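K.L.:
I'd like to ask some things about the structure below.
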Amino acid sequence: MIDLDGIAGIRDGIVPPAIYSDPELYQLELENVFGRSWLFLAHDSQLPKPGSFVQTYMAEDPVLVVRQRDGSVKAFLNQCRHRGMRICRADAGTAKTFTCSYHGWAYDLGGDLINVPAEDAGYHGEIDKARWSAHKVPRIANHKGFYFGCWSESTPEFADYLGDMAFYFDAVVDRWDGGLELVPGTSRWVIDCNWKFASEQFASDMYHAPIAHASAMLALTEDPAFQVFPPYEAPGRQFAGDGHGSGGNWLPVFPIPEPTFGPVYTEWLAANKEEVFRRIGAERAHKVWAHNTIFPNFSWLGQAATMRVWHPRGPGQIEVWAWTFVPRDAPDEVKDAIRQGNQRTFSPAGVFETDDGENWSEIQRVLRGWKARSVPFNVQMGLGHEERDVHGLPGKTNHVYAETAARGFYQRWSDLVRGLSWERIRELDERREAEEVRPA
Ligand code: FES
Ligand code: FE
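Here it is, written out as structure tokens:
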């Protein structure tokens with residue numbers, strides 16, 4: 005396995021490539037990173053009534069997320085306590101109970117074991133069902149209809165974990181009086197790359213956009229204003245929530261070429277902008293609408309109306325689970341225009357999405373080389389040019405063409421994968437903030 009001390013100072017922006025390919029490190033990530041972070045589970049709109057459920061994953065662990073009769077949401081490991089069969093094999097639906105298809109143990113909506121076949125004849129009435137419930141996700145947080153789960157009792161509360169990221173997350177999820185909904189159905193696809201390439205890119209990387217997406221921009225519009233998009237001299241900023249595990253990116257909203265979402269959407273947006281301004285302020289509404297990652301693997305892209313989880317599947321593969329988000333109260337034709345715009349741009353066959361996946365999977369192929377795995381990467385753009393609490397933006401920010409959020413992402417990852425306690429991480433964060441290089 006790679007030398008863990010070698011990744012302690014990763015915030016200097018020198019990244020050893022073995023972190024993307026090492027199988028032993030990956031097992032540590034599952035336990036120390038994903039096992040101690042808040043992970044996105046589901047959105048309110050996916051669980052409309054009591055008994056509604058979705059099956060998802062917390063990293064590689066399958067979980068069922070279920071609306072309870074009292075309206076609350078619970079989650080538990082989708083693993084039968086008898087021999088470990090997946091309790092529920094449906095992706096989503098409505099249930100009164102969940103019955104294992106192997107020998108028939110049945111669980112209620114909260115995951116408690118309620119029925120065991122042959123309880124008298126086979127178990128002689130001696131099985132204590134209360135002891136053999138499905139393993140519960142002990143902590144669930146609801147942030148504006150977005151449910152996150154955490155296995156660890158020592159991880160900070162979700163609001164604390166989110167920190168300054170709440171300002172940027174809410175600018176996307178709290179724009180509308182009626183809230184958001186996810187268009188029914190999940191797009192899923194597999195990319196042969198390490199999960200960190202995708203998470204980091206959505207946290208931090210605007211740098212690839214004018215190059216990697218150049219042909220897609222040309223396909224969308226012949227307007228020369230979009231041929232380097234966003235312009236390198238753009239006044240955008242990038243946010244790096246290194247405090248409690250978030251990373252992000254924002255820039256002043258650039259007009260996306262009309263063919264992306266079409267006039268139905270643009271006109272409706274213009275007619276309803278006062279609602280957004282009232283809720284989050286005009287400046288924030290215009291500026292905070294780009295891509296972000298809530299550490300470790302929940303990302304979104306405002307302009308393209310996509311949210312997704314990068315589920316890790318070994319060191320060299322991810323399963324992307326993506327949703328289109330729409331304002332819940334928008335008319336159907338507007339929701340449809342957003343859905344179609346999202347399909348054209350950031351779906352499995354979207355013109356932008358395929359650019360990204362091709363780069364990530366090709367990097368992963370290069371990393372098959374023994375020598376290629378030993379040559380460090382440069383993640384240093386904008387190092388030393390960070391600022392705090394400027395331009396009315398909370399937290400640490402930098403020019404949008406920077407890798408500050410990437411360094412925050414890797415530092416948080418490094419702290420967790422090395423097994424540092426959250427108390428120790430908090431101490432280190434305070435010290436790092438005090439030692440930050442500040443431009444004169
Ligand atoms: Fe589920 Fe046997 S594995 S009842
Ligand atoms: Fe991209």
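Numbering (the working numbering), first residue to last: 5 to 444.
Yeah, the Cβ is synthetic: ideal placement off N, Cα and C, and Gly gets one too.
Since this is a predicted model, take the numbers as computed values, not measurements.
#1: Quick check on DSSP: helix, strand or coil for lysine 375?
#2: Counting only the same chain and skipping the five closest in sequence on each side, list residues whose C-beta sits under 8 angstroms from that of histidine 403.
#3: Near ligand 1, which residues have their beta-carbon less than 5 angstroms from any of its heavy atoms, given in chain order?
#4: Taking DSSP as the reference, what is the three-state secondary structure of leucine 424?
#5: Just curious, the alpha helix (DSSP H) that tyrosine 30 is in, first and last residue?
#6: Can you tell which of Leu117, Glu337, Asp16 has the C-alpha that lies nearest to the C-alpha of tyrosine 269?
#7: Taking the Cβ atom as the reference point for each residue, do asparagine 85 and tryptophan 136 lie within a distance shorter than 8 angstroms?
#8: Between alanine 223 and the rest of its own chain, which residues show a CB-CB distance below 8 angstroms, the 5 nearest in sequence each way excluded?
#9: Using the beta-carbon of each residue, find all residues closer than 7 angstroms to any heavy atom of ligand 2 and list them in chain order.
#10: Terminal residues of the continuous beta strand (DSSP E) containing methionine 5?
#11: Helix, strand or coil: which one does DSSP assign to alanine 438?
#12: Which one or two residues does DSSP pair with threonine 310 in a beta bridge?
#13: Under a three-way DSSP split, which group does tryptophan 199 fall into?
#14: I'd like to confirm the pairing. Which residues does DSSP put opposite arginine 192 in its beta bridges?
#15: Which of the three DSSP states, helix, strand or coil, is assigned to aspartate 65?
#16: From glycine 251 to tryptophan 417, what distance separates their C-alpha atoms?
#17: Applying the criterion that 16 or more other CB atoms from any shown protein chain within 10 Å of the CB defines a buried residue, is leucine 122 buried or exposed?
#18: Might you give, ordered along the chain, the residues of its own chain that have their beta carbon closer than 6 angstroms to the beta carbon of isoleucine 11, omitting 5 neighbours on each side?
#19: Whose C-beta lies closer than 6 angstroms to the C-beta of alanine 326 among residues of the same chain, with five residues either side of it excluded?
#20: Taking the alpha-carbon of alanine 406 as reference, which of Ala244, Trp426, Leu397, Arg436 has the nearest alpha-carbon?
#21: Are at least three pairs of beta-carbons, each pair with one atom in the stretch 359-379 and one in the stretch 225-235, less than 8 angstroms apart?
#22: For threonine 297, collect the residues of the same chain with a Cβ closer than 6 angstroms to its Cβ; drop the 5 residues on either side in sequence, then sort them by chain order.
#23: Going by DSSP, which residues form a beta bridge with glycine 97?
#24: Can you tell me whether DSSP reads threonine 297 as helix, strand or coil?
#25: Report the rounded CA-to-CA distance for proline 319 versus alanine 275, giving the unit in angstroms.
#26: Under the DSSP definition of a beta bridge, which residues are partnered with cysteine 154?
#27: Would the beta-carbon of alanine 145 fall within 8 angstroms of that of tryptophan 314?
#28: Specify, as a first and last residue, the run of the beta strand (DSSP E) that arginine 241 falls within.
#29: Is it a yes or a no for the stretch 422-431 touching the stretch 271-290, going by three-plus beta-carbon pairs under 8 angstroms?
P.N.:
This is what the structure gives:
#1: coil
#2: Gly240, Arg241, Gln242, Gly386, His389
#3: Cys84, His86, Arg87, Met89, Cys104, Tyr106, His107, Trp109
#4: coil
#5: 27-32
#6: Residue Glu337 is the option with its Cα nearest to tyrosine 269.
#7: Note that residue 85 is arginine in the sequence shown, not asparagine. Yes, the pair counts as a contact, with Cβ atoms nearer than the cut-off.
#8: Around alanine 223: Val355.
#9: Summarising the contact set, residues whose Cβ lies nearer than 7 angstroms to any heavy atom of ligand 2 are, in chain order, Gln205, His212, Ala213, Ala216, His217, Phe356, Asp359, Asp360.
#10: That residue, methionine 5, is in no beta strand (DSSP E); it is neither H nor E in DSSP.
#11: helix
#12: Leu305, Thr328
#13: helix
#14: Trp325
#15: strand
#16: Residue placement at glycine 251 is poorly supported in this model, since its pLDDT is 48, which falls under 50; the coordinates still yield a value, given next. Glycine 251 and tryptophan 417 have their alpha carbons spaced roughly 11 angstroms apart.
#17: Reading off the sequence, residue 122 comes out as alanine, not leucine. It counts as exposed.
#18: Ser418
#19: Ser191, Thr310, Arg312
#20: Ala244
#21: no
#22: Ser203, Phe206, Ala207, Gly251, Ser303
#23: Note: glycine 97 sits in a beta bridge opposite Phe57.
#24: Three-state DSSP puts threonine 297 in a strand.
#25: 47 angstroms
#26: Looking at the DSSP output, cysteine 154 shares a beta bridge with Arg143.
#27: no
#28: 241-244
#29: no
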